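Number of protein chains: 2
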Amino acid sequence: MRAAVFNGPGSVEVADRPDPVILEPTDAVLRVVLACVCGSDLWYWRGESPHPVGSIGHEFIGIVDEIGDEVAGVTVGDLVIAPFIFSDMSCPHCLNGSTLSCLRGGSFGNGEIDGGQGEAVRVPLAGSTLVPVPGSGHSEETLKSLLSLSDVMATGHHAAVSAGVKPGDTVAIVGDGAVGLCAVLASRRLGAERVIALSRNPDRQKLALEFGATEIVEKRGEAANEAVLALTAGIGADAALECVGTAQSMATAGAIARPGSTVGIVGVPHGEAPFVDTFFRNIGWKGGPAPARIYIPELLADVLSGSIHPGKVFDYETDLDHIADAYAAMDERRAIKSLIRVGSIGK
Amino acid sequence: MRAAVFNGPGSVEVADRPDPVILEPTDAVLRVVLACVCGSDLWYWRGESPHPVGSIGHEFIGIVDEIGDEVAGVTVGDLVIAPFIFSDMSCPHCLNGSTLSCLRGGSFGNGEIDGGQGEAVRVPLAGSTLVPVPGSGHSEETLKSLLSLSDVMATGHHAAVSAGVKPGDTVAIVGDGAVGLCAVLASRRLGAERVIALSRNPDRQKLALEFGATEIVEKRGEAANEAVLALTAGIGADAALECVGTAQSMATAGAIARPGSTVGIVGVPHGEAPFVDTFFRNIGWKGGPAPARIYIPELLADVLSGSIHPGKVFDYETDLDHIADAYAAMDERRAIKSLIRVGSIGK
Numbered sequence: 001m002r003a004a005v006f007n008g009p010g011s012v013e014v015a016d017r018p019d020p021v022i023l024e025p026t027d028a029v030l031r032v033v034l035a036c037v038c039g040s041d042l043w044y045w046r047g048e049s050p051h052p053v054g055s056i057g058h059e060f061i062g063i064v065d066e067i068g069d070e071v072a073g074v075t076v077g078d079l080v081i082a083p084f085i086f087s088d089m090s091c092p093h094c095l096n097g098s099t100l101s102c103l104r105g106g107s108f109g110n111g112e113i114d115g116g117q118g119e120a121v122r123v124p125l126a127g128s129t130l131v132p133v134p135g136s137g138h139s140e141e142t143l144k145s146l147l148s149l150s151d152v153m154a155t156g157h158h159a160a161v162s163a164g165v166k167p168g169d170t171v172a173i174v175g176d177g178a179v180g181l182c183a184v185l186a187s188r189r190l191g192a193e194r195v196i197a198l199s200r201n202p203d204r205q206k207l208a209l210e211f212g213a214t215e216i217v218e219k220r221g222e223a224a225n226e227a228v229l230a231l232t233a234g235i236g237a238d239a240a241l242e243c244v245g246t247a248q249s250m251a252t253a254g255a256i257a258r259p260g261s262t263v264g265i266v267g268v269p270h271g272e273a274p275f276v277d278t279f280f281r282n283i284g285w286k287g288g289p290a291p292a293r294i295y296i297p298e299l300l301a302d303v304l305s306g307s308i309h310p311g312k313v314f315d316y317e318t319d320l321d322h323i324a325d326a327y328a329a330m331d332e333r334r335a336i337k338s339l340i341r342v343g344s345i346g347k
Numbered sequence: 001m002r003a004a005v006f007n008g009p010g011s012v013e014v015a016d017r018p019d020p021v022i023l024e025p026t027d028a029v030l031r032v033v034l035a036c037v038c039g040s041d042l043w044y045w046r047g048e049s050p051h052p053v054g055s056i057g058h059e060f061i062g063i064v065d066e067i068g069d070e071v072a073g074v075t076v077g078d079l080v081i082a083p084f085i086f087s088d089m090s091c092p093h094c095l096n097g098s099t100l101s102c103l104r105g106g107s108f109g110n111g112e113i114d115g116g117q118g119e120a121v122r123v124p125l126a127g128s129t130l131v132p133v134p135g136s137g138h139s140e141e142t143l144k145s146l147l148s149l150s151d152v153m154a155t156g157h158h159a160a161v162s163a164g165v166k167p168g169d170t171v172a173i174v175g176d177g178a179v180g181l182c183a184v185l186a187s188r189r190l191g192a193e194r195v196i197a198l199s200r201n202p203d204r205q206k207l208a209l210e211f212g213a214t215e216i217v218e219k220r221g222e223a224a225n226e227a228v229l230a231l232t233a234g235i236g237a238d239a240a241l242e243c244v245g246t247a248q249s250m251a252t253a254g255a256i257a258r259p260g261s262t263v264g265i266v267g268v269p270h271g272e273a274p275f276v277d278t279f280f281r282n283i284g285w286k287g288g289p290a291p292a293r294i295y296i297p298e299l300l301a302d303v304l305s306g307s308i309h310p311g312k313v314f315d316y317e318t319d320l321d322h323i324a325d326a327y328a329a330m331d332e333r334r335a336i337k338s339l340i341r342v343g344s345i346g347k
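Chains A and B are the protein sequences, given in the same order. Heads up: the first sequence begins at 1 in our numbering, then just goes up one per residue. Heads up: the second sequence begins at 1 in our numbering, then just goes up one per residue.
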């Protein structure tokens with residue numbers, strides 16, 4: 001098969017890789033239909049986080065092509081969503097909601113295990129990991145939204161859930177990348193009355209508003225803090241969502257969160273959080289990589305009913321042969337998020 | 001009046017200070033009966049945190065001696081508990097549970113405003129700050145427990161509440177100081193089934209067990225992590241409570257918390273938290289200075305009913321003239337917590 005291979009910072013290209021086969025009776029082989037590039041992939045591309053040479057990509061949907069003898073819950077021909085982590089859903093951590101810490105789980109596209117940015121993927125623990133999509137004949141728009149549940153929308157949702165967003169809240173969102181935009185959608189979905197999106201980019205502002213943001217703050221740093229405080233009568237946001245992971249963005253999130261609140265953090269920390277300052281204001285920090293597998297069913301229902309359209313974060317499309325363009329478009333902020341068309345629903 | 005004065009690291013002594021008087025119609029003047037030394041006072045004593053020269057001490061109970069015209073809720077002659085922060089209980093932060101961020105609030109014993117380690121204190125916002133103790137003729141033991149509600153027991157409770165301790169939980173507590181011991185008591189009070197106390201000191205272990213700890217771990221560092229994981233089938237604690245504030249203790253708390261849980265942190269951070277590691281395990285951090293005023297009523301009821309005896313943390317007693325001994329005993333770990341007898345209930 002053809003699949004993206006990470007060769008080092010700035011170098012992702014398509015190469016021939018062995019066709020995946022069933023190795024364990026709990027495996028499935030998936031034919032990838034749509035994949036995409038994650039903000040975390042960009043950290044590797046930029047050389048700011050390490051990534052082994054080899055397979056890459058962890059957000060994908062596809063068609064089940066083959067299943068092992070012990071796979072139950074999905075069957076050949078199913079259109080399925082792959083959460084970015086595989087998990088058994090039965091260990092103490094999964095049962096407690098932490099699929100990322102699954103005792104038998106692991107991640108896709110880590111150099112060895114197949115990545116989503118390729119024609120096919122061997123999915124371990126397939127029965128407990130993959131979520132079948134009911135119905136057929138889904139629109140292009142719906143397929144994109146289904147893809148978003150693999151990671152980005154689940155992650156935006158995790159930010160809001162971790163911060164305890166509840167009906168009537170005023171939420172402030174730091175980060176206008178795809179995750180931050182999905183966090184806008186997730187916050188409104190959870191009942192937030194006001195969502196303040198921090199963004200200086202007109203395209204992203206537009207999508208934030210479409211996703212339900214009620215106010216846009218264009219400033220950065222200290223001026224952004226002051227703007228959010230001014231919008232909240234000096235109190236701060238009931239929930240601040242940190243969707244970037246830099247020292248600057250964590251400082252902003254900490255500063256605009258109201259005392260006693262919890263910052264929902266889903267941006268991988270690449271810098272120090274303002275931990276002492278927030279301690280004295282009783283502000284907590286909670287988040288991490290999303291337990292996407294747990295969130296997918298409820299988000300899927302809303303995608304299929306048409307009440308949310310998270311797939312709108314994909315504003316750049318290409319195919320596997322042009323995978324490097326998909327990365328470059330995001331790296332250069334020409335794209336919010338890059339979609340990669342890999343295969344078709346029918347064979 | 002005579003009151004303790006902080007002159008710099010290692011130097012706290014009694015000196016004459018002006019008798020407090022009513023300055024605002026919402027003030028009361030309190031005659032201090034019992035006061036004590038806080039773990040945070042020790043940071044000042046050791047020169048590890050700055051403290052202005054002047055008044056010190058913020059944990060005290062006493063008798064209301066005089067009230068301003070606008071004070072309602074307490075009256076002259078009342079035995080009252082002073083939470084370590086004064087607050088109006090009506091601003092947006094107080095109404096949201098964050099008395100430390102009260103828009104009109106402030107702290108006692110900060111160099112200027114009277115401290116609890118003295119014969120009398122002017123208490124601003126007295127009606128909303130002070131909590132009257134019903135009944136009379138309370139035993140010495142009860143009075144000590146009432147004093148503990150001013151800060152230390154409220155803080156241990158805050159650690160447990162912030163971590164979301166619930167019935168049936170296994171809780172691990174880092175820190176065998178008075179706060180950590182109160183966190184043992186608080187965790188059991190909230191229904192924890194198992195409480196693992198990390199302590200190497202026999203006297204503290206004894207009190208931890210008396211307060212309801214079910215297991216003691218004597219190890220430190222990596223060995224402590226392994227011991228707690230071994231006691232929890234490799235899973236980690238449902239809630240880890242951080243009651244010290246050093247880099248080492250935060251690292252331990254982060255390591256023994258199960259994925260997806262929240263570390264309740266009440267030790268003022270004096271070092272870096274293992275923020276990135278805990279991010280990837282979906283472990284949150286929440287806590288800060290306790291909103292003691294909010295917790296006192298429910299804890300007070302349990303003290304008066306005799307169901308909790310947090311005053312047992314006081315294992316060293318002296319008077320105001322020997323205030324330096326009270327600090328030294330704690331600094332040298334000869335005492336868990338030092339009580340200072342200042343005045344009598346009757347005039």
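Positions of the beta carbon are idealized from the N, C-alpha and C atoms, including for glycine. Computed from a predicted structure; not experimentally measured.
{"query": "Where the beta strand (DSSP E) through R17/B begins and ends", "result": "Counting along the chain, R17/B falls outside any beta strand (DSSP E), and DSSP gives it neither H nor E."}
{"query": "9 Å Cβ cutoff, H157/B in contact with chain A", "result": "no"}
{"query": "Beta-carbon contacts of T214/A that lie in its chain and below 6 Å, excluding the five residues immediately before and after", "result": "R194 and V195"}
{"query": "Under 9 Å by beta carbon: chain B residues contacting R258/A", "result": "P92, H93, N96, S98 and S101"}
{"query": "Residue-chain proximity (P83/B, chain A), Cβ-Cβ < 9 Å", "result": "no"}
{"query": "Counted within 10 angstroms of its Cβ, other Cβ atoms place S305/A as buried (16 or more) or exposed", "result": "exposed"}
{"query": "Which residues DSSP lists as bridging H270/B, in chain order", "result": "T246/B"}
{"query": "Positions along the stretch 272-300 of chain A whose CB lies within less than 9 Å of some CB in chain B", "result": "E272, A273, F275, V276, T278, F279, F280, R281, N282, I283, G284, W285, K286, G287, G288, P289, A290 and P291"}
{"query": "G212/A versus V184/A - alpha carbon distance", "result": "7 Å"}
{"query": "Short CB-CB distance (under 9 Å) between I336/B and chain A", "result": "no"}
{"query": "Sheet register partners of I196/B (DSSP bridge)", "result": "A172/B and E215/B"}
{"query": "Burial state of K206/B, where buried means 16 or more other Cβ atoms lie within 10 Å", "result": "exposed"}
{"query": "Cβ-Cβ separation, A186/A to A160/A (assumed contact under 8 Å), whole Å", "result": "4 Å"}
{"query": "Close beta carbons around G115/A, own chain, < 6 Å, minus the five adjacent residues each side", "result": "S55, I56, G57, F108 and G109"}
{"query": "Nearest neighbour of N225/A, chosen from N201/A, D203/A, A247/A and A251/A [CA to CA]", "result": "A251/A"}
{"query": "Straight-line gap, R200/B to L300/A (C-alpha atoms, nearest Å)", "result": "51 Å"}
{"query": "The stretch 259-269 of chain B touching the stretch 224-244 of chain B, judged by at least three CB pairs closer than 8 Å", "result": "yes"}
{"query": "8 Å contact criterion, which H51/A and F86/A should meet: CB distance rounded", "result": "Not confirmed; about 18 Å, so no contact."}
{"query": "Neighbour list for T262/A in chain B, Cβ cutoff strictly below 8 Å", "result": "G284 and K286"}
{"query": "Closer than 9 Å to chain B by CB, V244/A", "result": "no"}
{"query": "Backbone CA spacing between L181/B and W45/B [nearest angstrom]", "result": "22 Å"}
{"query": "Best match in S101/A, S128/A and R334/A for proximity to T278/B [C-alpha to C-alpha]", "result": "S101/A"}
{"query": "Cross-chain neighbours of I196/A in chain B, by beta carbon under 8 Å", "result": "None at all; the shortest Cβ gap to chain B is about 17 Å."}
{"query": "At least 3 beta-carbon pairs within less than 8 Å: the stretch 9-24 of chain B vs the stretch 320-336 of chain A", "result": "no"}
{"query": "Beta carbon proximity, S162/B to chain A, threshold 9 Å", "result": "yes"}
{"query": "Contact list for V268/A against chain B, beta-carbon separation under 9 Å", "result": "V276, F279 and F280"}
{"query": "Separation of A82/B from A178/B, as counted between CA atoms", "result": "18 Å"}
{"query": "Test item: CB-CB of I283/B and G254/B under 9 Å", "result": "yes"}
{"query": "Neighbourhood of R357/B by C-beta distance below 6 Å, restricted to the same chain and skipping five residues each side", "result": "Nothing in the structure corresponds to residue 357/B, since chain B is present only between 1 and 347."}
{"query": "Boundaries (first-last residue) of the alpha helix (DSSP H) holding E222/B", "result": "G221 to L231"}
{"query": "Selection of the stretch 230-241 of chain A by Cβ proximity to chain B, strictly under 7 Å", "result": "I235"}
{"query": "Cβ-based burial, G346/A [other Cβ within 10 Å; buried from 16]", "result": "exposed"}
{"query": "Identified DSSP bridge partners for K286/B", "result": "G264/B"}
{"query": "Through-space distance from R122/B to T129/B, alpha-carbon basis", "result": "12 Å"}
{"query": "T99/B, DSSP secondary structure in three states", "result": "helix"}
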